[in-house]
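Notes to accompany the following structure.
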Amino acid sequence: MLPARCAGCGADRVQLCPSCRRALATARPGPTVLPRVHAAAPYAGPVRQLLLAHKERGALWLADPLGDALARAVCSALGPRAGLTPLLLVPMPSARTAVRARGHDPTLRLARAAARSLRRSGLNARAAPLLRHTRPVADQAGLTAAERRRNLHGALAVLPRAHRLLDGRLPVLVDDLVTTGASLAEAARALAAAGLPASAAGTVAAVVPHRPGRFPPAGLSPGR
């Protein structure tokens, strides 16, 4: 057996070192450039590596600490409303080809972990997929913000059983990362078109813009 290495910084003999765990646990959630969308931390350093390890390298055990961070972002985005009504965390849908290639659905896994974290803190929360892709979309890497919006517009719809799954709960969009916000905007559009408007959104991380003094949007794969 090879010795474990920290998924965040590569330190020997530990899967998640105290320093990287602290970076994830002590980050202060804040707003992104989108309204009512909060991220737990900037997409940089150990947080970036932990998200990539979970999503692309099969480090599924990271779902719990990342889910804790996502839960804090959700609470930050909702503010005083967090404990007033039951919540349903709605993950951004993953393409079937991506799920098959990775062997798991990372965003759904994080949403479920965040719901467990919220329940441990006394909130009534669960997670369920309400959205599906209606058509293929182009790889968003290298696209401008406007091109990403055009690429994604109309690409999502709610599942036929969405109203039953919601069951009177407040829908909150969740994702691992936000970059331009195009994916979350399309998800919000699809939910609103079905009469299920999302009241807020939370992500684990946000890409930091090249402008000082402003906390940015987040997104894990290039194109969120």
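Numbering (this note's numbering), first residue to last: 1086 to 1309. Note that CB positions come from ideal geometry on N, CA and C, so glycine has one too. All values reported here derive from a predicted model rather than from experimental measurement.
If you follow the beta strand (DSSP E) that residue i is part of, which residue opens it and which one closes it?
| i | result |
| --- | --- |
| GLY1281 | Inspection of the sequence shows that residue 1281 is occupied by Leu rather than by Gly. Per DSSP, LEU1281 belongs to no beta strand (DSSP E) and is neither H nor E. |
List the whole-angstrom C-beta distance separating residue i from residue j, where the pair is believed to meet the contact cut-off of C-beta under 8 Å.
| i | j | result |
| --- | --- | --- |
| LEU1101 | PRO1150 | 7 Å |
| ALA1210 | LEU1203 | 4 Å |
| HIS1218 | LEU1244 | Actually they are not in contact, since the Cβ atoms of HIS1218 and LEU1244 sit about 11 Å apart, beyond 8 Å. |
| PRO1055 | GLY1093 | Because the chain in this structure spans residues 1086 to 1309, residue 1055 falls outside the shown range and cannot be described. |
| HIS1189 | LEU1145 | 7 Å |
| PRO1191 | LEU1255 | So it is not a contact: roughly 24 Å between Cβ atoms. |
| PRO1214 | LEU1193 | 6 Å |
Can you tell me whether DSSP reads residue i as helix, strand or coil?
| i | result |
| --- | --- |
| VAL1118 | Note that VAL1118 scores 41 on pLDDT, short of 50, meaning its location in the model is unreliable and no value can be drawn from it. |
| HIS1139 | helix |
| LEU1244 | coil |
| LEU1208 | coil |
| VAL1159 | helix |
| PHE1300 | With a pLDDT of 38 at PHE1300, under the threshold of 50, the predicted position of this residue should be treated as unreliable, and no value is reported. |
| VAL1293 | coil |
| PRO1171 | coil |
| ARG1113 | coil |
| ARG1217 | strand |
| PRO1191 | helix |
| PRO1165 | helix |
| ARG1274 | helix |
| ASP1153 | helix |
| CYS1105 | helix |
| ALA1231 | helix |
| GLY1130 | helix |
| ARG1254 | coil |
| ALA1144 | coil |
Based on the DSSP output, what are the partners of residue i in its beta bridges?
| i | result |
| --- | --- |
| THR1055 | This structure leaves residue 1055 out entirely; the chain is present only between 1086 and 1309. |
| LEU1203 | Answer is none; LEU1203 lacks a bridge partner. |
| ASP1097 | ARG1090 |
| PRO1176 | VAL1259 |
Residue range of the alpha helix (DSSP H) that residue i falls in?
| i | result |
| --- | --- |
| VAL1184 | 1181-1187 |
The segment 1182-1199 in contact with the segment 1161-1170 per 3-pair CB rule at 8 Å: no
Given 8 Å, three or more beta-carbon pairs between the segment 1274-1290 and the segment 1141-1159: yes
Three or more C-beta pairs below 8 Å linking the segment 1272-1285 and the segment 1173-1193: yes
Given 8 Å, three or more beta-carbon pairs between the segment 1255-1263 and the segment 1118-1136: yes
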